[in-house]
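First to last, the sequence lines map onto chains A and B.
Everything in the first sequence is counted per my numbering, starting at 12 for the first residue and increasing by one.
Everything in the second sequence is counted per my numbering, starting at 25 for the first residue and increasing by one.
Everything on this sheet refers to the single structure shown next.
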Amino acid sequence: MLILENVKANYGHVAAVRGVSMTVEEGEVVCIAGPNGAGKSTLMHCIAGAKKPAGGTIIFAGRSVVGESTEITVRRGISLVPEGRRIFGGLSVEENLKLATHYRENRGEIKNDLDRVLDMFPILRERYKSGAGKLSGGEQQMLAISRALLTRPRIMLVDEPALGLAPQIVDQVYDTLLDLRDEGMTLLIVEQSVERALENADRLYVMRSGLVELSGTTDALWGDDRVGQAYFGFDTQNPGTSA
Amino acid sequence: MIVPQYAVDAVALGSLYALTALGIGLTFGVMRLINFAHDDFVMAGGYALTVPSTAIAATLFIGDWPWPAMILAILLIVMLIALLTERIAFRPLRGSSPATLLISSFAASFALQQIARFVWNSDAKGIGVGNALNKAINIGALRVTGLDIITMAITLVLLVGLVFFLKFTRHGLKIRAASEDFEMARLLGVKANTVIAIAFALSGALAGVVVISALIWCLRRLEVGFDIGGMEISVPGGVQELGLAIVILAILMLRPRGITKRREINCPFGARGSTKFQNK
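Put into structure tokens, the structure is as follows:
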């Protein structure tokens, strides 16, 4: 469904992504794990059309998305829940949600979708008219996920959904994401915690310094020392030696 | 009766600042662009009232039309200039730093001025516009002109209309969202070109109203000094904090010369109707 080949991205002269290839199949949950500065978020922005790659190809559903603007990419079914959630604090919960449906025409369908996300997150129904900036971090994450869902994505890119949230809220967020997977949603999730990635994903890519260091199914990588080596760049069992 | 008279004049002048501030605020909110060409939109609208010519005596062109047609034509022309400026000066720099956009706005401002100088030359030109509207109506001891009333009425309608537009329409929602986080708005499908064009068109329309209103206020030189008055409101106000903006607008409308200073407004009523436009 999503095929990346040798994708590169720079900030000025600094290379953030230095040739990444990966695939995501329909209905899969794929996690990208890696330390800060690995280029994970940059890669997500490239897929969503928010950043122009410096090289490589990104094919979604058989067509390239490189050079397409964000607003077109989202219409094609790629929706990004960005790091830090980035809800519109000055708008109400209702307005945040309605914005995500603004380009859709079928009002009946929009209403159904809206009801669906509000059933999924009843707290948003309670806070429907209040300012989104007043929501707690967990509620904001729910709003950000709802907002992405209302664009009717075929694949959801979720960038660090656990960031700044209490552990039980993180569990709730992941439960929601896995429920979505059960309904057939394809998910590409950036996650700093390898453990959470291994627990929740079907497959894992470990990125470091703009490159994929390791990839495989989570079943195969579970308990594999190479994951730590790939993540930290040295052998976690013998920290003195370089991987 | 001197205080009520001042109040009426102050509200009419304050209306101009309010409209200018809103115009600058809209584009600043969406693009983080402080558009120094905004005052040149006003200048261009002023010149559009006359036949393009370097002759000392200006011949009225649009300024001679019946006033509803004149207002509509000026609004359309200034909107068009604003949209063209966006297309030529700002769209190619999309995503650049605010400093780059600022410099481009200086360039746009300079270009518009030089075009005006080339077509009309730089002499001051006297024009008599909307004489019917300039007839003073005496309400008790108050002297109010038709243009005064129209200025205040249009400002009020535009303020209310703009709040309504931003708060209750789909495009307004897009503009508010884009003002807060442009990239996130795009990630939700908001088309950057559309939302920026709407902001510029509205900003141009507001500048167009200022042209019409400015006719009364004998602003001989519509220049940066005039813009700064608007800037003070639009920068802290922006479009997100409409409440704050309106409070500051109210102060400017009621006390355009400052909260504490009491000075005469030296714009003699006799000068009305022979407003002079001059480019810098």
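We put the CB at the ideal spot given by N, CA and C, even for glycine.
For clarity, every value in this text was computed on a predicted model and none was experimentally measured.
Here Met12/A carries a coil assignment [DSSP, helix/strand/coil]. With fewer than 16 other beta carbons inside 10 angstroms of its own, Val184/B counts as exposed. If you keep only unbroken beta strand (DSSP E) runs of at least 3 residues inside the segment 133 to 210 of chain A, you get 166 to 170 and 197 to 202.
For Ala221/B, there are no neighbours in chain A by C-beta distance under 8 Å, as the nearest C-beta there is about 14 Å away. Thr84/A: member of the alpha helix (DSSP H) spanning Thr81 to Arg87, first to last residue. Look at Asn217/B here: in three-state DSSP terms it is helix.
In the three-state DSSP reduction, Gly227/A falls in the strand class (E or B). The three-state secondary structure of Tyr242/A, taken from DSSP, is helix. Beta-bridge partners of Gly66/A (DSSP): Lys19/A. When the five nearest sequence neighbours on each side are left out, the beta carbons in the same chain lying within less than 6 Å of the beta carbon of Thr78/B are those of Asn145, in order along the chain. Under a criterion of Cβ atoms nearer than 7 Å, the residues of chain A adjacent to Ala201/B are, in order, Phe99, Leu102 and Leu110. Arg210/B belongs to the set of residues whose beta carbon lies under 7 Å from a beta carbon in chain A. Look at Ala148/B here: in three-state DSSP terms it is coil, with no helix or strand label.
In this structure the segment 131 to 146 of chain B does not lie against the segment 226 to 244 of chain A, because fewer than three pairs of beta carbons, one per stretch, are closer than 8 Å. Annotated as distal: Arg200/B and His113/A, with beta-carbon spacing of 7 Å or more. About 14 Å separates the Cβ atoms of Leu99/B and Ala238/B, ruling out a contact at the 8 Å cut-off.
At a cut-off of 7 Å between beta-carbon atoms, Leu168/A makes no contact with chain B. Collapsing the DSSP output to three states places Tyr114/A in coil. Measuring C-alpha to C-alpha distances from Phe192/B to each of Gly88/A, Arg74/A, Gln183/A and Lys109/A identifies Lys109/A as the nearest. For the set His24/A, Val92/A and Arg29/A, the Cα lying nearest the Cα of Glu16/A is the one of Arg29/A. Lys215/B belongs to the set of residues whose beta carbon lies under 7 Å from a beta carbon in chain A. Straight through space, the alpha carbons of Glu120/A and Phe130/B are spaced by roughly 47 Å.
Between Asp63/B and Glu194/A, the alpha-carbon positions lie close to 55 Å from each other.
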